[in-house]
């Protein structure tokens, strides 16, 4: 409703709407059909970024004008590539306008990155399948663990119905799970035998204190922490990227630290 009011009042000043599907780090999925209808109504381009779950797991191009995604995640699941991709929906009212602009401004990828992507393509779908299965099992473990206040993931709560609209097939939640802990984050983070790192969509499990990594300028101040809490964001959230290790090993490592 708020977005609709903004577009109704100042739509001519809005060039585009950018939406993650799902969002990072709370893994929330907006109603993309409703969002695109609103964008079309006000002649505003909708740019969708499905990086959190990957184009391997979701299909958002029918519901947007422009799709942007990172190929550093999932596609290059060994975490050794810096590359992205952009695609235009041929149905878009902006297609003819944007096509030459993308050709003019897009930079060709580094040949070394291209060769690494090619090396990993053969295992890409296999890795995604294993990650998806492990994510479902780990999320269910967290949802039933007394040491976890809340679990955020693609199928969490009323989010599931919206996510399933864009899911390519059942059982494809992607790698990201974010948890709100009962115990102090320092105690959990320092003792958990899971690799620490800032990326996701890899073949190995990673975790990070996301707010400290992405918004340290905010979480380093008490008023900044209060601001995050006002938006429903615990400054001490732990973001997890589930990998392809045996799920029993992953669960055991988290259970020990929780």
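Residue numbers (this note's numbering): 1 to 258.
All C-beta atoms, glycine included, are put in the ideal place defined by N, C-alpha and C.
- Give me whichever residues DSSP pairs with residue 181 in a beta bridge. For the purposes of this step, residue 181 is identified with residue 181 of the chain shown, where counting begins at 1. Paired residues: 148.
**Study point:** Range of the contiguous alpha helix (DSSP H) that encloses residue 222
**Key:** Residue mapping note: residue 222 aligns to position 222 of the chain shown, counting from 1. 222 to 230 is the span of the alpha helix (DSSP H), which, as asked, contains residue 222.
**Request:** Measure from the alpha carbon of residue 91 to the alpha carbon of each residue in 75, 115, 45, then state which is nearest.
**Result:** Here residue 91 refers to the residue found at position 91 when the chain shown is read from its first residue. For the residues 75, 115, 45, the minimum Cα distance to residue 91 belongs to 45.
Check: Taking residue 162 as the reference, which of 197, 130, 21 has the closest Cα?
Finding: Reading the chain shown from its first residue, position 162 is the one you call residue 162. Ranking the options by Cα distance to residue 162, first place goes to 21.
**Asked** Using DSSP with H/G/I as helix, E/B as strand and the rest coil, what is residue 73?
**Response** Working through the chain shown from its first residue, we reach residue 73 at position 73. Looking at residue 73 - three-state DSSP - the assignment turns out to be coil, as it is neither helix nor strand.
Self-check item: residue 2 versus residue 18: straight-line alpha-carbon distance, rounded
Solution: Locating residue 2 in the chain shown gives position 2, where the first residue counts as 1. Locating residue 18 in the chain shown gives position 18, where the first residue counts as 1. Looking at the two C-alpha atoms, the distance is approximately 15 Å.
Using CA coordinates, which residue listed in 173, 111, 97 is at the minimum distance from residue 129?
Here residue 129 refers to the residue found at position 129 when the chain shown is read from its first residue. It is 173 whose Cα lies nearest to the Cα of residue 129.
Requested in this report: Could you work out which residue in 31, 180, 206, 135 is closest to residue 236 when comparing CA atoms only?
Outcome: Taking the first residue of the chain shown as 1, we reach residue 236 at position 236. Taking only the C-alpha atoms, the option nearest residue 236 is 180.
Any chain E beta carbon closer than 8 Å to residue 208:
The chain inventory of the structure shown lacks chain E, comprising one protein chain alone.
Open item on the list: For the pair the stretch 101 to 115 and the stretch 223 to 243, tell me if three or more CB-CB distances fall below 8 Å.
Closed with: no
Inset, instruction - For residue 260, name the three-state secondary structure that DSSP assigns. - result: No information on residue 260 is available, as it lies outside the stretch 1 to 258 that the chain covers here.
Got a sec? Which residues, its chain only, sit under 6 Å from residue 147 by beta carbon, not counting five neighbours each side?
Walking along the chain shown from the start, residue 147 turns up at place 147. Taken in chain order, the residues that qualify are 182, 258.
Margin query: Beta-carbon within less than 7 Å of residue 175's beta-carbon, same chain only, minus the 5 sequence neighbours each way: which residues are those?
Written below: Within the chain shown, numbered from 1, the residue matching residue 175 stands at position 175. Around residue 175: 131, 135, 200, 201, 241, 242.
Report task. Return the CA-CA distance between residue 187 and residue 137, expressed in angstroms with no decimal places. Result -> By one-based count along the chain shown, residue 187 stands at place 187. By one-based count along the chain shown, residue 137 stands at place 137. Cα to Cα, the separation comes out at about 24 Å.
Exercise. Write down the C-beta distance between residue 83 and residue 113 rounded to the nearest angstrom, noting that I regard them as a contact closer than 8 Å.
Key: Within the chain shown, the letter at position 83 stands for residue 83. Within the chain shown, the letter at position 113 stands for residue 113. Confirmed, about 5 Å.
Handout entry: Alpha-carbon spacing of residue 6 relative to residue 249, whole angstroms
Key = For the purposes of this step, residue 6 is identified with residue 6 of the chain shown, where counting begins at 1. For the purposes of this step, residue 249 is identified with residue 249 of the chain shown, where counting begins at 1. Cα-Cα distance, rounded: 48 Å.
query = Of all the options 12, 30, 207, which has the alpha carbon lying nearest to the alpha carbon of residue 155?
reply = Position 155 of the chain shown, counting from 1, holds the residue named residue 155. The candidate whose alpha carbon is nearest that of residue 155 is 30.
Since residue 239 contacts residue 151 with CB under 8 Å, what's their CB separation in whole angstroms? Reading the chain shown from its first residue, position 239 is the one you call residue 239. Reading the chain shown from its first residue, position 151 is the one you call residue 151. Incorrect: roughly 12 Å between the Cβ atoms, too far for contact.
Decide if residue 101 is buried, meaning its Cβ has at least 16 other Cβ atoms within 10 Å, or exposed. Within the chain shown, numbered from 1, the residue matching residue 101 stands at position 101. When all chains shown are included, residue 101 counts as exposed.
*Rounded straight-line distance, which links the Cα of residue 63 to that of residue 252*: As a first step, residue 252 is located in the chain shown; it is residue number 252 there, counting from the start. As a first step, residue 63 is located in the chain shown; it is residue number 63 there, counting from the start. About 40 Å.
- What whole-angstrom Cβ distance do residue 69 and residue 49 have, given they're in contact under 8 Å? Numbered from its first residue, the chain shown carries residue 69 at position 69. Numbered from its first residue, the chain shown carries residue 49 at position 49. Right, their Cβ atoms sit about 6 Å apart.
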